[in-house]
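Comments concern the structure below.
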Amino acid sequence: MTTPADVPAMTTPADVRASVPVFDDVRYLNTGASGPSPRPIVEAAQRAIETHEWDAADDPGPYPHAFGLYEDTRADVADFLGAEDHEIALTQSTTDGITRIASAIEWDPGDVVVRTDLEHPAGILPWQRLERRGCEVRVAPTTAGRIDRDAYRDAVSDAKLVCLSALTWNYGTHLPVSELVEEAHDAGARVLVDAVQVPGQCQLDVTEWGADAVAMASHKWMLGLWGAGFLYVDGDVAEDLHPGQIGYRSVEDASAPAYELKRGAPRFEIGTTSPAPYAALSASIDLLTDVGLDTIESHIEDLATRFVEGVPEDRLISPRDPESGLVTVRVDDPESTVERLREEYDVVIRSLPDPDGAVRASLHVYNTTADVDRLLRGLEATGW
Numbered sequence: 001m002t003t004p005a006d007v008p009a010m011t012t013p014a015d016v017r018a019s020v021p022v023f024d025d026v027r028y029l030n031t032g033a034s035g036p037s038p039r040p041i042v043e044a045a046q047r048a049i050e051t052h053e054w055d056a057a058d059d060p061g062p063y064p065h066a067f068g069l070y071e072d073t074r075a076d077v078a079d080f081l082g083a084e085d086h087e088i089a090l091t092q093s094t095t096d097g098i099t100r101i102a103s104a105i106e107w108d109p110g111d112v113v114v115r116t117d118l119e120h121p122a123g124i125l126p127w128q129r130l131e132r133r134g135c136e137v138r139v140a141p142t143t144a145g146r147i148d149r150d151a152y153r154d155a156v157s158d159a160k161l162v163c164l165s166a167l168t169w170n171y172g173t174h175l176p177v178s179e180l181v182e183e184a185h186d187a188g189a190r191v192l193v194d195a196v197q198v199p200g201q202c203q204l205d206v207t208e209w210g211a212d213a214v215a216m217a218s219h220k221w222m223l224g225l226w227g228a229g230f231l232y233v234d235g236d237v238a239e240d241l242h243p244g245q246i247g248y249r250s251v252e253d254a255s256a257p258a259y260e261l262k263r264g265a266p267r268f269e270i271g272t273t274s275p276a277p278y279a280a281l282s283a284s285i286d287l288l289t290d291v292g293l294d295t296i297e298s299h300i301e302d303l304a305t306r307f308v309e310g311v312p313e314d315r316l317i318s319p320r321d322p323e324s325g326l327v328t329v330r331v332d333d334p335e336s337t338v339e340r341l342r343e344e345y346d347v348v349i350r351s352l353p354d355p356d357g358a359v360r361a362s363l364h365v366y367n368t369t370a371d372v373d374r375l376l377r378g379l380e381a382t383g384w
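This is the structure:
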C-alpha cells in the first residue's frame, strides 16, 4: 500500500468532495461513466511519472522500478477484492480484460456464447466478432434489469461461455451472479463477469461469485485514472487459458528458447504500460479504505433514496428501492434534458441508448443532498 504521506487521510465523504476540483464548477453526477479523481490520486500518478522517468532512470532502472510498482499494485488489488496475488492481471480497462479472456479461449464453429440483453458494448462486440467465425451468440432476455431465469437456463444449456454484468449500467440493478454462475457451471460453461460498476461503490469479495473471470477498471467508482483496469481470473482456470496475445510480461523468461507462461492471471499482461495509472489505483484503494466502504455504501444509499423519492412513479425506471448509486429516469427528450441541466443548473448526468427516453444519474461518495435537490429542481423545470 502507499504510505500516509502519499495520500492524505480522508475519513468522510466531505473530505473526498473537497479534494475534487471539478465540484468548484459543476454538480457532477456521472460517475457511472467516469469518476473525477480526487487531487491526491492525481498527484500520486504525477509522482509516479516523475520517479519512473527521473529518479529510477539509473537505479534500479525504469523496467525494474515499473515491475516493482506493478507487483505492489497487484497485491493491493488482490487484498481489496479478497483474491490472491496470482489471480490478478493488470489491464488497461474492463473492455481490455474481457477481450483478453475472449481471445484466450479456443473457439470452434458452432460454439455458443451467452450474454444478456443489457450488456455494455464491452460485453457485446467480442461475441459479434466470434459470430463471423461461425459461433452462435444467444441473448438472455431481461425485464427492467431482471434476468429471465428460465430463458437463461435454456440459453446456457450447451454454452461454452457466459458473459454478464454484475451491476447493470442502465438500470442500476444487481444480477444474482452467484446463482447464474452456478447454473452455467452445471451446464459446463465458463462465466466472465463485467463488474466495472461494483468496486468502489460497495463491498466486493470477488471469489464469492465463483466466476471464472471478472473484468473491472479504476476510472469509475474507484475514483482512479483511465488506463488502469484489473482482471480477476480463478487460479485453476487461468492454467487452462492460453492468451491470444503475449509479451515479455506474460512469460517467465522472455529470453528462453521456448516460452513458459506465468502462473495464473499475470499471463494476461503483455508489455510496456505507464506505471502512473497503477500508482493511482493503489492510492484510490487507500482513499476508499480510509473513508470506509460501509460509509460509502450507506452514503450512496441515502442519496439514491432521496432522489427516487422525488421522482414521479411514471418517470422512474430504476427500482423504487434503490440497489445502487445508478438511478435511471424517463424524460421526454434525453439529449436536450442533459444539455439544459448542464447549461442552466450546472448538473452533469448522461442520456442512455437503452432504455428509450432515459437519463441516468450516478450518485457517489462525493455527492451531496444539495446535488440531488438541484437535479430534481432541474428535471422538474424541464417538465421531464
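Just so we're aligned: the sequence shown equals residues 1 to 384 in the working numbering. Even for Gly, the Cβ is constructed at its ideal location relative to N, Cα and C.
V181 is the residue among V181, G188, A228, G224 whose C-alpha sits nearest the C-alpha of E208. The beta carbon of D234 lies closer than 6 Å to those of D212 in the same chain, with the five residues before and after it left out. Checking the DSSP bridge columns, you'll see D25 has no partner listed.
The Cβ atoms of L225 and P277 sit closer than 8 Å to each other. Exclusion of the five residues before and after L192 leaves I101, C163, A213 as the residues of its chain whose Cβ lies within less than 6 Å of its Cβ.
With a cutoff of 8 Å on beta-carbon distance, I317 and P355 are scored as near each other. Burial of R249 is indicated by the presence of at least 16 other C-beta atoms within 10 angstroms of its C-beta. When DSSP assignments are scanned along the stretch 294-358, the uninterrupted stretches of beta strand (DSSP E) that are 3 or more residues long and fall wholly within it turn out to be 326-330, 350-352.
Within the model, the alpha-carbon separation for V198 versus V291 is close to 17 Å.
Per DSSP, R249 is not a residue of any beta strand (DSSP E), being assigned neither H nor E. Excluding residues up to 5 positions away in sequence, S218, P277, Y278, L281 lie with their Cβ nearer than 6 Å to the Cβ of A228 in the same chain. Judged by beta-carbon spacing, V112 lies beyond the 8 Å limit of E84, meaning their Cβ atoms are not closer than that value. Taking a C-beta distance under 8 Å as the contact criterion, P21 and A283 do not qualify as a contact pair. Non-local beta-carbon contacts of L375 in its own chain, meaning distances under 8 Å to residues more than five positions away in sequence, involve R27, L29, F307, L341, Y345, V347, I349, A361 in chain order.
The Cβ-Cβ distance between G325 and A304 falls below 8 Å. Under the DSSP definition of a beta bridge, Y232 partners with I88, V214. With fewer than three CB-CB distances shorter than 8 Å, the stretch 116-130 does not count as touching the stretch 72-91. Taking the Cα positions, V114 is about 43 Å away from P62. E136: member of the beta strand (DSSP E) spanning 136-140, first to last residue.
In this structure, the straight-line span from the alpha carbon of I296 to that of P275 is close to 27 Å.
In the DSSP assignment, P199 is bridged to C202.
Rounded to the nearest angstrom, the gap between the Cα atoms of D302 and A14 is 15 Å.
Where L81 is concerned, the enclosing alpha helix (DSSP H) starts and stops at 62-81. Only residues of its own chain outside the window of five on either side were considered, and among them G134, C135, E136 have a CB closer than 8 Å to the CB of G110, listed in chain order.
Contact between A238 and A195 does not hold, since their C-beta atoms are separated by about 17 Å, which reaches or exceeds 8 Å. DSSP places V20 in the coil class of the three-state scheme, outside both helix and strand. Contact check for F230 against L90 passes: the beta carbons are separated by less than 8 Å. If only uninterrupted alpha helix (DSSP H) runs of at least 4 residues are considered, those enclosed by the stretch 145-179 are 149-155.
Around the beta-carbon of D96, 16 or more other beta-carbon atoms lie within 10 Å, marking it buried. Around the beta carbon of E269, 16 or more other beta carbons sit within 10 angstroms, so the residue counts as buried. With respect to the 8 Å criterion, H364 and T31 are classified as neighbours on the basis of their beta carbons.
Secondary structure note for R133: it is in no alpha helix (DSSP H), with a DSSP letter that is neither H nor E. Judged by DSSP secondary structure, V365 falls outside any beta strand (DSSP E); it is assigned neither H nor E.
Of the residues A66, A45, V16, the one whose Cα lies closest to the Cα of G271 is A66.
When the alpha-carbon of A159 is set against those of T337, E183, E179, T142, the nearest one is in E183. For L192, the uninterrupted beta strand (DSSP E) run begins and ends at 190-194, by DSSP.
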